[in-house]
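These notes are about the structure you will find just below.
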Amino acid sequence: MPRTLLTFHAHPDDEALLTGGTMARAAAAGHRVVLVLATDGAAGLAAAGFGAGADLARRRRTEAEAAAAELGVARVEFLGYDDSGMAGEPSGLPRPFAAAGVEGAAKQLAEILREERADVLTIYDPAGGYGHPDHMQVHRVGGRAADLAGTPVVLEATVDRLLLRRALRLVGWLPGAPAGFDPGSVAAAYTARADLTHRVDVRGFTDRKRAALAAHGSQATANRGTRTLRILLRLPRPLFDLVAGHEWYRERDRPPTRPLLDDVFAGLSD
Numbered sequence: 026m027p028r029t030l031l032t033f034h035a036h037p038d039d040e041a042l043l044t045g046g047t048m049a050r051a052a053a054a055g056h057r058v059v060l061v062l063a064t065d066g067a068a069g070l071a072a073a074g075f076g077a078g079a080d081l082a083r084r085r086r087t088e089a090e091a092a093a094a095e096l097g098v099a100r101v102e103f104l105g106y107d108d109s110g111m112a113g114e115p116s117g118l119p120r121p122f123a124a125a126g127v128e129g130a131a132k133q134l135a136e137i138l139r140e141e142r143a144d145v146l147t148i149y150d151p152a153g154g155y156g157h158p159d160h161m162q163v164h165r166v167g168g169r170a171a172d173l174a175g176t177p178v179v180l181e182a183t184v185d186r187l188l189l190r191r192a193l194r195l196v197g198w199l200p201g202a203p204a205g206f207d208p209g210s211v212a213a214a215y216t217a218r219a220d221l222t223h224r225v226d227v228r229g230f231t232d233r234k235r236a237a238l239a240a241h242g243s244q245a246t247a248n249r250g251t252r253t254l255r256i257l258l259r260l261p262r263p264l265f266d267l268v269a270g271h272e273w274y275r276e277r278d279r280p281p282t283r284p285l286l287d288d289v290f291a292g293l294s295d
């Protein structure tokens, strides 16, 4: 039976990083996949030549559409908020998503959930993965929107913290790893393995996920800082498939499941 998966993300490229394989797998199985982005990513880091402010926002919207096409997404929507910038480094834009009223933003998202009759909504874990203010707001707004719309299954897109630390240690040994690269920086990021409910096998869709990541070209560059997307795209294909071959979720209101579930629609049968 075809279902509808709606994935809610903070900025263009977040969808490919955390849920790209899941989206491609669902679309290939005949399900409807919808992507909603809270912001246009105007405050994202990008090297000179990729624009800034409104120019970068336009570019990132175009990149999001191209990535969505690679993943088989049927609809892309932007809620229209401004990128808030990183914690401690606010963007200064007039309508930052992190400062938006949760109820108002949730009503916007709930309207789309109702239109689509979404069966499953993906948001982020309470910490927003690594603490980005917009990611934490996605958790709050998405959870409230699901309540308003009556969406039956809410999944927190995250990463197995233990595997992430192991992967980053491995990347740190690769030639060309960024100076100062520190796997310890994610010691408390994302989700502990014991709290996970889903481990979704997307190994058959890593080509689509890699293509979607590559579509976000502006976010593989920067004048400063370590770019996750750039690191991933530089991995040899076998290593990329190993690192990106599974995606992780915690289902709201479901006790940790063993074995971990492999289907984002599994909760609908409960």
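Note that the sequence shown covers residues 26 to 295 in the working numbering. Where a beta carbon is used, it is the ideal one built from N, C-alpha and C, also for glycine.
State yes or no: is the C-beta of residue 149 within less than 8 Å of the C-beta of residue 183?
Position 124 of the sequence shown, counted from the first residue, corresponds to residue 149. Position 158 of the sequence shown, counted from the first residue, corresponds to residue 183. Cβ distance < 8 Å, so residue 149 and residue 183 count as in contact.
On the DSSP letters alone, give me the boundaries of the alpha helix (DSSP H) that residue 155 sits inside.
Locating residue 155 in the sequence shown gives position 130, where the first residue counts as 1. Counting along the chain, the alpha helix (DSSP H) containing residue 155 begins and ends at 153 to 156.
Once you ignore the five residues that flank residue 68 on each side, which residues in its own chain have a CB closer than 6 Å to its CB?
For the purposes of this step, residue 68 is identified with residue 43 of the sequence shown, where counting begins at 1. So the list reads 108, 110 and 116, once near-sequence residues are dropped.
Could you name each continuous alpha helix (DSSP H) segment of 4 residues or more that falls completely within the stretch 31 to 76, going from the start of the chain to the end?
39 to 53
Among 254, 132, 86 and 59, nearest to residue 168 - alpha-carbon criterion
The residue labelled residue 168 in the question sits at position 143 within the sequence shown. Out of 254, 132, 86 and 59, 132 has the C-alpha closest to the C-alpha of residue 168.
Give every residue of the same chain whose Cβ lies closer than 7 Å to the Cβ of residue 166, excluding the five residues on either side of it in the sequence, and list them in chain order.
Locating residue 166 in the sequence shown gives position 141, where the first residue counts as 1. Closer than 7 Å at the Cβ level, and outside the excluded window around residue 166, lie 127, 130, 131 and 134.
Excluding sequence positions up to five away, which residues of its chain have a Cβ less than 8 Å from the Cβ of residue 216?
Walking along the sequence shown from the start, residue 216 turns up at place 191. Around residue 216: 150, 181, 183, 184, 185, 186, 273 and 275.
Contact under 8 Å by Cβ, residue 236 with residue 95
As a first step, residue 236 is located in the sequence shown; it is residue number 211 there, counting from the start. As a first step, residue 95 is located in the sequence shown; it is residue number 70 there, counting from the start. Their beta carbons are under 8 Å apart, which means residue 236 touches residue 95 by this criterion.
Do residue 63 and residue 31 have their beta-carbon atoms positioned less than 8 Å apart in this structure?
Numbered from 1 along the sequence shown, position 6 holds the residue referred to as residue 31. Numbered from 1 along the sequence shown, position 38 holds the residue referred to as residue 63. Not closer than 8 Å, so no.
I believe residue 35 touches residue 160 by the beta-carbon criterion, under 8 Å. Please report the beta-carbon distance rounded to the nearest angstrom.
By one-based count along the sequence shown, residue 35 stands at place 10. By one-based count along the sequence shown, residue 160 stands at place 135. With a Cβ gap of about 5 Å, residue 35 and residue 160 count as contacting.
Short of 6 Å in beta carbon distance, which residues of its chain neighbour residue 50, apart from the five on each side in sequence? Order them along the chain.
Start at 1 with the first residue of the sequence shown, and residue 50 comes out as number 25. Counting only Cβ-Cβ distances below 6 Å, and skipping sequence neighbours, we find 227 and 230.
Considering only the alpha carbon of each residue, which of 281, 267, 112 and 139 lies closest to residue 46?
By 1-based counting over the sequence shown, the position of residue 46 is 21. For residue 46, the nearest C-alpha among the options comes from 267.
Cβ-Cβ separation, residue 293 to residue 178 (assumed contact under 8 Å), whole Å:
Your numbering for residue 178 matches position 153 in the sequence shown. Your numbering for residue 293 matches position 268 in the sequence shown. Right, their Cβ atoms sit about 6 Å apart.
For residue 120, which residues of its own chain have a beta-carbon under 7 Å away from its beta-carbon, when the five flanking residues on both sides are left out?
As a working mapping, residue 120 is identified with position 95 in the sequence shown. Taken in chain order, the residues that qualify are 106 and 107.
Pick from 278, 244 and 29 that is closest to residue 66, judged by C-alpha positions:
Reading the sequence shown from its first residue, position 41 is the one you call residue 66. For the residues 278, 244 and 29, the minimum Cα distance to residue 66 belongs to 244.
Alpha-carbon to alpha-carbon, residue 139 and residue 173:
Locating residue 173 in the sequence shown gives position 148, counting from the first residue. Locating residue 139 in the sequence shown gives position 114, counting from the first residue. Straight-line Cα distance between these residues: approximately 9 Å.
Can you tell me which of 48, 239, 270 and 219 puts its alpha carbon nearest to the alpha carbon of residue 283?
For this step, residue 283 is matched to residue 258 along the sequence shown. Comparing Cα positions, the closest option is 219.
Shortest alpha-carbon distance to residue 26 belongs to which of 93, 146 and 55?
Looking up residue 26 in the sequence shown gives position 1. Selected option, being the one with the closest Cα: 55.
Looking at residue 241: is its Cβ nearer than 8 Å to the Cβ of residue 254?
As a first step, residue 241 must be located in the sequence shown, where it is residue number 216. As a first step, residue 254 must be located in the sequence shown, where it is residue number 229. In contact: residue 241 and residue 254 (Cβ atoms closer than 8 Å).
Return helix, strand or coil for residue 292, following the three-state DSSP convention.
Along the sequence shown, one-based indexing puts residue 292 at 267. It is helical.
Buried/exposed call for residue 124, threshold 16 Cβ in 10 Å
Along the sequence shown, read from residue 1 onward, the residue named residue 124 stands at position 99. Label assigned to residue 124: exposed.
Closest by C-alpha distance to residue 269, when choosing among 152, 280, 233 and 286
As a first step, residue 269 is located in the sequence shown; it is residue number 244 there, counting from the start. Considering only alpha carbons, the answer is 233.
Taking just the CA atoms, how far does residue 53 sit from residue 214?
Locating residue 214 in the sequence shown gives position 189, counting from the first residue. Locating residue 53 in the sequence shown gives position 28, counting from the first residue. One C-alpha to the other measures close to 31 Å.
Tell me which same chain residues have a C-beta within less than 6 Å of the C-beta of residue 98, skipping the five on either side of it?
Working through the sequence shown from its first residue, we reach residue 98 at position 73. Closer than 6 Å at Cβ, skipping near neighbours: 58 and 60.
Under 8 Å, do residue 37 and residue 112 count as touching if we go by C-beta distance?
Along the sequence shown, one-based indexing puts residue 37 at 12. Along the sequence shown, one-based indexing puts residue 112 at 87. Cβ atoms of residue 37 and residue 112: not closer than 8 Å.
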